[in-house]
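Peer 1: For reference, the structure I am asking about is given below.
Protein chains: 2
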Amino acid sequence: MELQLVNERRRGPYAAKRLSEFAERCRKGGLAVTPQRLAIIKVLLDSGDHPRADAIFAAVRLQHPHISLATVHRTLETLCDIGEARKVTLLHDVARYDGNVEPHHHVLCVRCKRVHDIEIPEVDKLLEGTPSLGEFSLLRCSLEIAALCKRCQLAEKRRRAQRHTT
Amino acid sequence: MELQLVNERRRGPYAAKRLSEFAERCRKGGLAVTPQRLAIIKVLLDSGDHPRADAIFAAVRLQHPHISLATVHRTLETLCDIGEARKVTLLHDVARYDGNVEPHHHVLCVRCKRVHDIEIPEVDKLLEGTPSLGEFSLLRCSLEIAALCKRCQLAEKRRRAQRHTT
DNA sequence: ACCTAGGTGATAATTATTACCATCTAGTTA
DNA sequence: TAACTAGATGGTAATAATTATCACCTAGGT
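As they're listed, the protein sequences go chains V and S. Per the numbering used here, the very first residue in the first sequence carries number 1; after that it's consecutive. Per the numbering used here, the very first residue in the second sequence carries number 1001; after that it's consecutive.
Spelled out as structure tokens, the structure:
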């Protein structure tokens, strides 16, 4: 089985395509296409990291100074409901969102909580032919890999070295 | 690849073994073995569901009426730190904990948030021979499967039927 | 140009979690 | 066994993410 970090170069075209279809998808989901929703999905699709609601709020506010934080929270949940965003909350204390709704998986640093998308096609196929398990009917799956990023590894080492000298 | 719900019958012996080794493991982790910690790990090991801190607090308080909620929160995080518990927070709004620290995975109902352990040996082997990915050195992984439990499926159907009649 | 269901902004309320600090105790040492 | 101390606990205040509320507004249909 092969693990592969998601290619960042593909994000531009992906975001453009998603944005062009966004209005249609809102209607399909029974949602009005409001300037606020457009602004939020734009920011989310442009984000390489997996931003928190407050970060999205800050970014959106540059163009829409009157937008409310409650609207950002509400909209993100709504987008998740119609499948236009994904909530990423393993290990985290706070909800994070992901504009990439293609099947994919995550590596995340247990220390600094940074998240990176990865692709493991074999795992995507895992649920094929398994519609249910016991009383659960399966919807989708994602593999969450706990890790330490290089920066936090170094910080860890330094802290340990310090302890030994004091 | 085969998905398999964790066998509940195995939990009794597993809990007993874990409990008998708990004191030793605390010392290994540099922690004092306090009555509070013992009470908390006991409740966690006896829990078939993946309880929240407040549920563990309620259960522990039956035997230790003076225990503080802060202690429960602190202890659960501490137990996670030394590998005696696991935090399960995908899709959830609130932290949930799992006394089962054997490699395993989760199915969870997106509606009622109930969690069930599952075993997928193939996935456990996924990280073998892959110590790192880009700047991340990999620690462990878990597959989180989003699902709808039977109860919530029925509730969903009923709600839809209602909508059509009104 | 209306109409109205649904969306938004502003703010209050809720709630999980963490911080703080005085007191206590597990576990070590004399 | 008594004394010591780093670390643990209880009680409570503080913090911070999220949700609820409600008056007003607007997207999208008629």
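Where is the CB? At the ideal position from N, CA and C, for every residue including glycine.
#1: Taking 8 Å as the cut-off, does the region 71-84 of chain V touch the region 26-39 of chain V (at least 3 CB pairs, one atom from each stretch)?
#2: Can you tell me whether S68 (chain V) is helix, strand or coil according to DSSP?
#3: According to DSSP, is T166 (chain V) part of a helix, a strand, or is it coil?
#4: Residues of chain V with CB under 8 Å from C1141 (chain S), in chain order?
#5: Give the DSSP-derived three-state secondary structure of K1028 (chain S) in the structure shown.
#6: Compare the C-beta of I118 (chain V) with all C-beta atoms of chain S and state if any pair is closer than 8 Å.
#7: Within the 8 Å Cβ cut-off, does K1113 (chain S) reach chain V?
#8: Taking the beta carbon of E181 (chain V) as the centre, do at least 16 other beta carbons fall within 10 Å, making it buried, or is it exposed?
#9: Below 7 Å on C-beta distance, what does E1135 (chain S) contact in chain V?
#10: If you draw a straight line from the alpha carbon of L1108 (chain S) to that of D1124 (chain S), how long is it in whole angstroms?
#11: Identify which residue in S:A1147, S:G1129, S:T1078 has its Cα closest to the Cα of L1038 (chain S).
#12: Taking the alpha-carbon of V1110 (chain S) as reference, which of S:T1130, S:L1076, S:C1149 has the nearest alpha-carbon?
#13: According to the Cβ coordinates, are H1066 (chain S) and P1035 (chain S) closer than 8 Å?
#14: Counting beta carbon pairs with one atom in the region 135-145 of chain V and one in the region 1136-1148 of chain S, are three or more of them shorter than 8 Å?
#15: By how many angstroms is the C-alpha of L1044 (chain S) removed from the C-alpha of P103 (chain V)?
#16: If you follow the beta strand (DSSP E) that D1046 (chain S) is part of, which residue opens it and which one closes it?
#17: Taking 8 Å as the threshold (beta carbon to beta carbon), is L69 (chain V) in contact with chain S?
#18: Got a sec, what are the start and stop residues for the alpha helix (DSSP H) D1049 (chain S) sits in?
#19: Quick check on E144 (chain V): does DSSP put it in helix, strand or coil?
#20: In whole angstroms, what separates the C-alpha of L69 (chain V) from that of C1112 (chain S)?
#21: Quick one: what does DSSP say E1021 (chain S) is sitting in, helix, strand or coil?
#22: For L1127 (chain S), which residues from the same chain have a beta carbon less than 8 Å from its beta carbon, with the 5 sequence-adjacent residues on both sides left out?
Peer 2: Quick look at the numbers:
#1: Contact holds between the region 26-39 of chain V and the region 71-84 of chain V, because three or more Cβ pairs, one in each stretch, are under 8 Å apart.
#2: coil
#3: Confidence is the limiting factor: at T166 (chain V) the pLDDT is only 39, short of 50, which leaves the residue's position unreliable and the question unanswerable from this model.
#4: L143, E144, I145, A146
#5: Looking at K1028 (chain S) - three-state DSSP - the assignment turns out to be helix.
#6: yes
#7: no
#8: Because chain V here runs from 1 to 166, residue 181 (chain V) falls outside it and cannot be looked at.
#9: C149, K150
#10: 19 Å
#11: S:T1078
#12: S:C1149
#13: In this structure, the beta-carbon distance from H1066 (chain S) to P1035 (chain S) does not fall below 8 Å.
#14: yes
#15: 33 Å
#16: Counting along the chain, D1046 (chain S) falls outside any beta strand (DSSP E), though it belongs to the alpha helix (DSSP H) covering 1035-1046.
#17: Not one chain S Cβ lies under 8 Å of L69 (chain V).
#18: Run containing D1049 (chain S): none; DSSP gives neither H nor E here.
#19: strand
#20: 26 Å
#21: helix
#22: L1138, R1140, C1141
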